[in-house]
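Counting from 2, one number per residue, gives the positions in the sequence shown under my numbering.
Working notes, structure below.
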Amino acid sequence: MNRIREVWESNLDQEMAALREAVDNYPYIAMKTEFPGTVARPIGNFKTHSEFQYQTMRCNVELLKVIQIGITLCDSSGNLAPEPHTWQFNFRFDLEEDMYAPDAVDVLRHANLDFARHQEMGIHPNDFAEILITSGLVLFDEVTWLSYASQNDMGYLLKILTGAALPTLESEFRELLSLWFPRIYDVKYIMKITRPIKIGLQELADEFQVARVGPPQAGSDSHLIAGVYFKIRNSFFSGDDPDPSKFLNQIYGISGDAGFTPTNLAALPSPTNPVSHQTQSLLGQYAPIPYAMYR
């Protein structure tokens, strides 16, 4: 049996029902997204690196669409749910209509994403949100979300769940995040504090001997996050979840990074490709990265 279940619009209801049933016994939810890169930077002066990172995430989430969300379920000891223990939700995405960064799409193509299928069979975000809200995966502190450098991942999830733009202020984003996801552990933040060595998810997985399942897409990454988290928990925290007062709901990149020199990033060329009136009005607030503005 395939350990990663591919989910499209046609089997969304069926697979979300299976996920809802499994989460009661497997309440640790590892998650990763695939999204079409970074196409813009915020304009203005920023007092901290955290503020700049948040505004960069916010403007790109506002402009772009998520492509995949991967979810892997575990119990409190790190045992995987029965197969399929990983679900890969594939969203509607059209390379002819939707904005993206070419380098990001090239990486996804290399990872064997089928963009033609995403265009024809992809999940509509509103359909996903409607089912996720009532799934028992969000709004409850009985479940624990596991992530890796997840500011973008959480940004896209909140955009889908609320159907609205992300808050202007990082503090309001944190409040919204804690409402929908009361318990989040970010593996990269944990490692940054515990062992401050720059290392990527795949390198961590190799170090802790966690094998990748499937091609490097969102589902496979979520599987790695689950395995790495429990290896870290056993290695550094005596098999318990990390201290909530230090690590819970701390997101790598937007959690207390100080020492940033305020910078104005307005002096960038305008995009060369045509965009919709709605997107053009949004771009008035942001500075596009010239090579990355595509439609």
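Quick reminder that beta carbons are idealized off the backbone N, C-alpha and C, glycines included.
Let's test the definition: count the other Cβ atoms within 10 Å of the Cβ of residue i and tell me whether it reaches 16, buried, or not, exposed.
i	result
residue 135	exposed
residue 14	exposed
residue 246	exposed
residue 265	Its pLDDT being 42, under 50, residue 265 is placed unreliably by the model, and the measurement read from it follows with that caveat. So residue 265 counts as exposed.
residue 237	exposed
residue 86	buried
residue 78	exposed
residue 171	buried
residue 200	exposed
residue 26	exposed
residue 239	exposed
residue 20	buried
residue 52	buried
residue 48	exposed
residue 169	exposed
residue 83	exposed
residue 18	exposed
Tell me residue i's beta-bridge partners as DSSP assigns them.
i	result
residue 29	75, 145
residue 8	90
residue 185	146
residue 124	92
residue 69	35, 91
residue 81	75
Just checking my contact of residue i with residue j at CB under 8 Å: how many whole Å lie between their CB atoms?
i	j	result
residue 152	residue 254	5 Å
residue 128	residue 10	7 Å
residue 63	residue 140	Actually they are not in contact, since the Cβ atoms of residue 63 and residue 140 sit about 23 Å apart, beyond 8 Å.
residue 164	residue 101	About 22 Å; that fails the 8 Å criterion.
residue 99	residue 66	5 Å
residue 61	residue 40	6 Å
According to the Cβ coordinates, are residue i and residue j closer than 8 Å?
i	j	result
residue 75	residue 206	no
residue 223	residue 32	yes
residue 35	residue 96	no
residue 94	residue 111	no
residue 211	residue 229	yes
residue 126	residue 161	yes
residue 250	residue 179	yes
residue 192	residue 252	no
residue 124	residue 92	yes
residue 138	residue 30	yes
residue 145	residue 190	no
Compare the C-alpha of residue i against each of the options and name the closest.
i	options	result
residue 159	85, 59, 221, 233	59
residue 28	183, 247, 216, 176	183
residue 114	80, 146, 142, 68	68
residue 88	7, 63, 42	7
residue 196	164, 225, 234	234
residue 194	219, 174, 220, 244	244
residue 23	242, 81, 220, 177	81
residue 4	216, 177, 53	216
residue 225	239, 203, 12	203
residue 174	18, 40, 55	55
residue 90	103, 231, 220	220
residue 298	218, 177, 231, 248	The structure shown does not extend to residue 298, since the chain spans only 2 to 296, so no value can be given for it.
residue 157	130, 117, 17, 232	130
residue 142	181, 16, 121	181
Closer than 8 Å, CB to CB, is residue i near chain B or not?
i	result
residue 69	Here chain B cannot be found, since the structure has a single protein chain.
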